[in-house]
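Novice: Letter by letter, the sequence shown follows residues 202 to 585 in our numbering.
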Amino acid sequence: MLNVSHLRKEYDRVVAVDDVSLTVKRGEIFGLLGPNGAGKTTTIRTVLNVIQPDAGTITFDGKHFSPEMWNIIGYLPEERGLYRKSKIANTILYFASLKGLSESEARPRVSYWLERFGLKDAGHRKVEELSKGNQQKVQLICSILHKPQLLILDEPFSGLDPVNQILLKDILMELRQQDVAIVFSTHQMEQVEKMCDTICLINKGRIVLQGLLRDVKKQYGTNSIRLEFEGDGAFLKSLPIVKRADVYQNYAELELVDVTQSRELMASLDGRLNLRKFEMVEPSLQSIFINVVGMPESLEQPNPPPVVKASQPMAPEVKKALISFLMGILLMLGFTVVEALKEEPNWIGPLVITAAVAFSGFRFLKIKSDSERKSRESGKGGER
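Following this line, the structure appears as structure tokens:
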């Protein structure tokens, strides 16, 4: 049994995980859920001892985690962790050796799992030659080949087509029957509803919902109605007792403001629709998720970076005036130094040159200003 108690982790004074406690029993599939940035990955990496928590304890079967325990843990990261240039069978054998399996132990298992995942003849191929879905299958094999007692999967269904999703579901159910404790994090709520015994919903680093899936659904009750009808159901959206309405051609799903208003809804439909079906439905995990976490706020477009105009090439007359001005400065400095070294300096020459340089400077600024004004006027004319 995995036991996580009062886990806390901060990054630069930002709390990523705040007082998270959870228990995953052997033979149980545990769904770790939450929006992006909720703290799921940090929780997983802390459980795996990849990062150290600031507070809290983590044990498996009563033992604190140690390097030796890696051999009983299987982990599928969300990111690809395969050597793209390596052959598939060699890649799996390498990961098996990291888990303490000898080659003689691992090879029969490699053959079995490659065939099970429909990759029987792919062992000699390079990883990079496989599709994204088949790479995901190879990575899954690497995570279960050593028969782990604790299996942690981050988005395991990513890249898998419906057929292979069913295959993976069947395999996870088999591992569950073998008393493996399974944790998986995913955004696919329908997979969670089909597979998980227990769920934990994290938001902003804290647990906001946890328990057996069936108990969570009972807790949130049902105020949803499914209708099948003939007629125009557009008016359903405007009924005051209806909180939300998804209306289709001859079908609608309604969420009532109050579950006790089903009779009132029936009365509202009388004479307006030819009703074929009216049934209460239990809330989906997705609706519970949205109810607890809320819909994501509309993403504001970030302020665009200031437009930095490409520097325009300097006009020839501006360049000529600038060169004249700079040469005048150098000439002025030279005359000043020469006169300063004389026993009886004559400052008339340097003063005349200084005046000329000042005039040259004003002339440069005037030419530059005129050139920029003409450039702006030309640009406005092009925009019209």
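Cβ atoms here follow ideal geometry from the backbone N, Cα and C, with glycine treated the same way.
1. Sorted by chain position, which residues of the same chain lie with C-beta nearer than 7 Å to M396's C-beta, five sequence neighbours on each side aside?
2. So the beta strand (DSSP E) R427 belongs to, where does it begin and stop?
3. Going by the CB atoms, is the gap between E356 and T387 shorter than 8 Å?
4. Rounded to whole angstroms, what is the Cα-Cα separation between Q336 and V443?
5. I think F563 touches P551, with their Cβ atoms under 8 Å apart; what is that distance to the nearest whole Å?
6. How long is the line joining the alpha carbons of Q411 and I245, rounded to whole angstroms?
7. Please confirm whether L486 and V393 have their CB atoms less than 8 Å apart.
8. Using the beta-carbon count (16 or more within 10 Å), is T399 buried or exposed?
9. Do you know whose CA, among V225, R464, D220, lies nearest D262's CA?
10. With a threshold of 7 Å (Cβ to nearest heavy atom), would Q487 be considered close to the ligand NAP?
11. With DSSP collapsed to three states, give me the class of F318.
12. Could you work out which residue in T258, P236, Y212 is closest to V221 when comparing CA atoms only?
13. Inspect the beta-carbon positions of A453 and L428 and report whether they are closer than 8 Å.
14. What residues in its chain sit with their C-beta under 8 Å from that of S469, if we drop five residues either side in the sequence?
15. Please return the same chain residues whose Cβ sits closer than 6 Å to the Cβ of I568, not counting the five positions on each side in sequence.
16. With burial defined as no fewer than 16 other Cβ atoms inside 10 Å of the residue's Cβ, what is the status of I342: buried or exposed?
17. Whole angstroms is fine: what's the gap from K210's alpha carbon to E573's?
18. Pick out whichever of T247, S525, A556 has its Cα sitting closest to the Cα of D219.
19. Between which two residues does the alpha helix (DSSP H) holding L331 run?
20. Determine the extent of the alpha helix (DSSP H) in which Y276 is found, giving its start and end residues.
21. For A307, which of helix, strand or coil comes out of DSSP?
22. To the nearest angstrom, how far is it from the Cα of Q350 to the Cα of S488?
23. Please say whether L346 and A382 have beta carbons closer to each other than 8 Å?
24. Is K521 helix, strand or coil when you go by DSSP?
25. Write down every uninterrupted run of the beta strand (DSSP E) in the region 462–489 whose length is 3 residues or greater and which is fully enclosed by it, in chain order.
26. Considering only C-alpha positions, which residue in the set I524, G434, L414 is nearest to E483?
27. What distance in whole Å lies between the Cβ atoms of N404 and V494, which are believed to be in contact at a cut-off of 8 Å?
28. Grouping DSSP H, G and I as helix and E and B as strand, with all else coil, what is Y284?
29. So, does the CB of L402 fall closer than 8 Å to a CB anywhere in chain B?
30. Report buried or exposed for Q420, applying the criterion of at least 16 other Cβ atoms within 10 angstroms of its Cβ.
31. Is L354 closer than 8 Å to F385 when the C-beta atoms are compared?
32. Please classify G434 as buried or exposed, where buried requires at least 16 neighbouring CB atoms within 10 angstroms.
33. If you draw a straight line from the alpha carbon of T243 to that of Q450, how long is it in whole angstroms?
34. Does the distance from the C-beta atom of K327 to that of K300 stay below 8 Å?
35. What span of residues does the alpha helix (DSSP H) with N298 cover, start to end?
36. Please return the same chain residues whose Cβ sits closer than 8 Å to the Cβ of H325, not counting the five positions on each side in sequence.
Specialist: Put simply:
1. I230, K370, L373
2. 425–431
3. yes
4. 46 Å
5. The pair is not a contact, with the Cβ atoms about 19 Å apart (cut-off 8 Å).
6. 16 Å
7. yes
8. buried
9. V225
10. Among the ligands in the structure shown, none appear at all, so the ligand NAP cannot be discussed.
11. coil
12. T258
13. yes
14. L440, I442
15. E518, V519, A522
16. buried
17. 56 Å
18. T247
19. Premise fails: L331 is in no alpha helix (DSSP H) and is neither H nor E.
20. Looking at the DSSP string, Y276 is not in any alpha helix (DSSP H); the run it does join, the beta strand (DSSP E), is 274–277.
21. helix
22. 33 Å
23. no
24. helix
25. 475–482
26. L414
27. 5 Å
28. coil
29. Chain labels in this structure do not include chain B; a single protein chain is all it has.
30. exposed
31. yes
32. buried
33. 44 Å
34. no
35. Sequence check: residue 298 is Ser here, not Asn. Per DSSP, S298 belongs to the alpha helix (DSSP H) from 289–299.
36. K288, I289, A290
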